[in-house]
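Under my numbering, the first residue of the sequence shown is numbered 90, with each subsequent residue one higher. Using N, Cα and C, we set each Cβ at its ideal position, and we do this for glycine too. No experiment lies behind these values; they were computed from the predicted model shown.
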Amino acid sequence: MTASDELVLDTDREWSEFDGEALRVLHFTPFSSIKNGKILAGKLTDPYPHAILTLECKKVQGIIKGYVWHKIDFRHLWEVFEEITINKENEEVIIFWTKQHYKIRWLRYFRGFPKLRVDICRKGQLEFYADPENWQPESGERPSAKEMLTPFLSLKWEGME
90 MTASDELVLD TDREWSEFDG EALRVLHFTP FSSIKNGKIL AGKLTDPYPH AILTLECKKV
150 QGIIKGYVWH KIDFRHLWEV FEEITINKEN EEVIIFWTKQ HYKIRWLRYF RGFPKLRVDI
210 CRKGQLEFYA DPENWQPESG ERPSAKEMLT PFLSLKWEGM E
């Protein structure tokens with residue numbers, strides 16, 4: 090894949106190539122919204138995703154577009170991007186797509202369950218995950234590994250560990 094290519098993650102099969110990988114969210118494009126706690130579908134025809142994420146990953150070069158279909162995954166992303174103020178100088182949003190961390194193990198064999206963990210982390214988290222021993226923050230002050238591995242906020246489905 091070259092830097093100009095764009096990878097699209099739509100189905101579980103496509104997303105599963107990144108199972109457990111840290112993905113930095115560069116942009117959140119919602120097609121639905123949340124009002125009074127209810128998800129309101131956009132004016133586009135069904136079936137249409139609730140949102141599209143523009144992502145980057147150390148595993149591949151280039152831009153990744155990820156479709157968000159599940160309501161709970163969308164709700165967590167909406168909370169992070171629309172309800173919480175992220176300090177873009179010091180924080181970033183990292184997501185993990187996985188089917189491996191369900192509390193009830195056999196759920197991983199079925200479709201229709203949320204799969205995203207959404208974390209607000211320190212800036213540089215993606216680089217830290219890629220190479221924790223050689224990573225150096227832009228500020229020059231290196232936090233402890235525990236500080237780097239502890240997100241400021243982590244949102245996931247209650248059925249996940």
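Query: Own chain, CB closer than 7 Å to ASP101, minus 5 neighbours either side, in chain order; Result: ARG200
Query: Secondary structure of PHE312, DSSP reduced to three states; Result: Given a span of 90 to 250 for the chain in the structure shown, any question on residue 312 remains unanswerable.
Query: For TRP167, three-class secondary structure by DSSP; Result: helix
Query: Rounded C-alpha distance that separates GLU153 from ASP99; Result: With the sequence shown as reference, residue 153 is identified as Ile, and Glu is not the correct amino acid for it. C-alpha separation (whole angstroms): 11 Å.
Query: Straight-line gap, PHE185 to SER228 (C-alpha atoms, nearest Å); Result: 26 Å
Query: Given 8 Å, three or more beta-carbon pairs between the region 191-198 and the region 206-213; Result: no
Query: CB contact flag (ASP258, LEU205, <7 Å); Result: The structure shown does not extend to residue 258, since the chain is modelled only from 90 through 250, so no value can be given for it.
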